[in-house]
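In the numbering used here, the protein residues as written are 1228 to 1687.
For glycine and all other residues, C-beta sits at the position ideal for the given N, C-alpha and C.
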């Protein structure tokens, strides 16, 4: 055998698996079709948010979380309803035990630290047993995605220096080798060396072949978000409606799902291909790194959300509340886009952009950078202001009439009526005069202001 274990995919999962196995004395070969500059995969580009339960960060913010509450939220969001959900249920229970137990101490022992304000993602907006997080649980890692990757990359490289891990880049696996019903290795092509920047699309020119054997093979090849054809193929039309005609990608082109079919060809079982998570707040990156590069807006609670024809989205389709319900509603309108309507005061306090490269202050891991970029600086954070100036999906005007005209200029037909939009904005804003309201979004705004973290940095 060439190794005890072969790992296919050098993203975060591959690095973690390699580190755990190498620490136990196993000889590892870690393969990836991309160059060494992409070590860490799509995790590098993330905001570095981690779902953890009952942490010191939460307790300092007066958040009362528990394993039981997290399970209630997880099961309400997962909505398990199939026989093949047996193992996903087991995985969910194991992860909840981990998130409420050893996860934070273990990661802290590796050197990871978290921003003290815990984020409140996917707030739900229906019943206690329904979708969403009842409390803030989104722990942003200092250093964002690179900060999550760093401790595992460092340890894997140290194991490589010690000869227990072998890193082989530009090795594209095309077949899992089997014998007597067991996977015994991998085979594929060696691709030409590339100097393409991290995340950029690389060539697929073949320079040779390879075949390797091992006692075990682990596939950690990531998802399908960079392959829109495959996304459309497995799209759950019966549950969400038709897939949108236009999509952007929050992950690089190489996140293409090709190992799924390769694993199936070797006898692997895959389930729940139709269970996908797509964000509706994606905008085209004005400075793209990979094809179709999209950036997700992370909105606070105050922006008004309208469909393509200018109708306000109903609850729970509120900013930051229920992604899949919002996706289903938008697609039900017959159009595949929507609008946030907001003011400069809202964008300065409430708009953030997902991803490590859109948050250079958090990615730096330095308090002074955060203070300089988000407290001392006038206007919105620099990356947000850049999208205002350059983003193809942003319309900035001084009054509502001009704004509506600009919105209509971006579409094939003038779908937004000024008077109807104005009436809906005024109706919502009348509800802001009291500390109570029948408007679900205004109630949500009041709720956000009751949480110190949102009051400080996320609510206008």
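Would you grab the beta carbon distance between residue 1401 and residue 1489 for me? Rounded to a whole angstrom, and I think it's under 8 Å.
Residue 1401 to residue 1489, Cβ: 7 Å. Contact.
One or two residues paired with residue 1531 in a DSSP bridge:
1568
Reference residue 1754; option with closest CA among 1684, 1686, 1687 and 1680:
For the chain, the structure presents residues 1228 to 1687; residue 1754 sits outside this window and is missing.
Is it the case that the Cβ atoms of residue 1368 and residue 1330 are separated by a distance below 8 Å?
Result no, Cβ atoms of residue 1368 and residue 1330 do not sit closer than 8 Å.
Which runs of the alpha helix (DSSP H), 4 residues or longer, sit entirely within the segment 1260-1323?
1283-1287 and 1294-1305
For the alpha helix (DSSP H) that contains residue 1603, what are its first and last residues?
Segment: none, residue 1603 is in no alpha helix (DSSP H) and carries neither H nor E.
Name the two residues that bound the continuous alpha helix (DSSP H) containing residue 1388.
1371-1388
Buried or exposed, going by whether 16 or more other CB atoms sit within 10 Å of the CB of residue 1648?
buried
Looking only at its own chain, which residues have a Cβ that is under 8 Å from the Cβ of residue 1391, when we skip the five neighbours before and after it?
1249, 1252, 1253, 1254 and 1255
C-alpha distance - residue 1614 paired with residue 1608, whole-angstrom precision:
10 Å
Since residue 1342 sits in a beta bridge, which residues does DSSP pair it with?
DSSP, once it has assigned bridges, lists no residue as partnering residue 1342.
First through last residue of the alpha helix (DSSP H) which encompasses residue 1440:
First-last for residue 1440: 1433-1446, but that is the beta strand (DSSP E), not the alpha helix (DSSP H).
If you count every other CB in all the chains shown that lies within 10 Å of the CB of residue 1639, and 16 or more means buried, which is it?
It is exposed - the Cβ of residue 1639 has fewer than 16 other Cβ atoms within 10 Å.
If contacts are defined as beta-carbon pairs under 8 Å, then residue 1371 and residue 1275 qualify, I think. What distance do you get, rounded to the angstrom?
4 Å
Could you name the residues of the same chain whose beta carbon sits closer than 7 Å to that of residue 1240, not counting the 5 residues immediately before and after it, in chain order?
1447
In terms of alpha-carbon separation, which member of 1511, 1442, 1463 and 1382 lies closest to residue 1411?
1442
Just the C-alpha distance for residue 1576 and residue 1684, rounded to the nearest angstrom, thanks.
6 Å
In three-state terms, what does DSSP make of residue 1404?
strand
With a cut-off of 8 Å, does the C-beta of residue 1541 fall near any C-beta of chain C?
Annotation note: the requested chain C is absent from the structure, which comprises a single protein chain.
Just to confirm the assignment, what range does the alpha helix (DSSP H) spanning residue 1618 have?
First-last for residue 1618: undefined, no H or E at that position.
Whole angstroms is fine: what's the gap from residue 1503's alpha carbon to residue 1292's?
27 Å
Three-way DSSP call (helix, strand, coil) for residue 1421 in this model
coil
Tell me, please, whether the segment 1413-1433 touches the segment 1259-1273 by the rule of three or more beta-carbon pairs shorter than 8 Å.
yes
On a CA-only basis, which of 1358, 1312 and 1278 is nearest residue 1323? Give me that one, please.
The shortest CA-to-CA distance from residue 1323 to any of 1358, 1312 and 1278 is the one to 1278.
Spatial neighbours of residue 1359 within its chain, please: C-beta separation below 6 Å, excluding the five flanking residues on both sides.
Same-chain partners within the cutoff: 1349, 1350 and 1351.
Within 10 angstroms of the Cβ of residue 1480, are there 16 or more other Cβ atoms? Answer buried if so, exposed if not.
buried
If the criterion is Cβ atoms closer than 8 Å, does the pair residue 1583 and residue 1373 meet it?
yes
Per the contact definition of three or more C-beta pairs closer than 8 Å, is the segment 1532-1548 in contact with the segment 1511-1519?
Cβ pair count under 8 Å is below three, so no.
Which of the three DSSP states is assigned to residue 1231 in this structure?
If DSSP states are grouped into helix, strand and coil, residue 1231 belongs with the strands.
For residue 1244, which residues from the same chain have a beta carbon less than 7 Å from its beta carbon, with the 5 sequence-adjacent residues on both sides left out?
Taken in chain order, the residues that qualify are 1234, 1445 and 1447.
Sort 1671, 1500 and 1485 by Cα distance to residue 1312 and report the nearest one.
1500
Thinking C-alpha only, which one of 1399, 1645 and 1642 is nearest residue 1435?
1399
Unbroken beta strand (DSSP E) run spanning residue 1511, endpoints:
1509-1511
Residue 1637: buried (16+ other C-beta within 10 angstroms of its C-beta) or exposed?
Classification of residue 1637: exposed, given that the 10 Å Cβ count is below 16.
Distance between residue 1383 and residue 1229 (C-alpha atoms, nearest Å):
As the crow flies, the alpha-carbon of residue 1229 is around 18 Å from that of residue 1383.
Taking Cβ positions, are residue 1320 and residue 1356 nearer each other than 8 Å?
no
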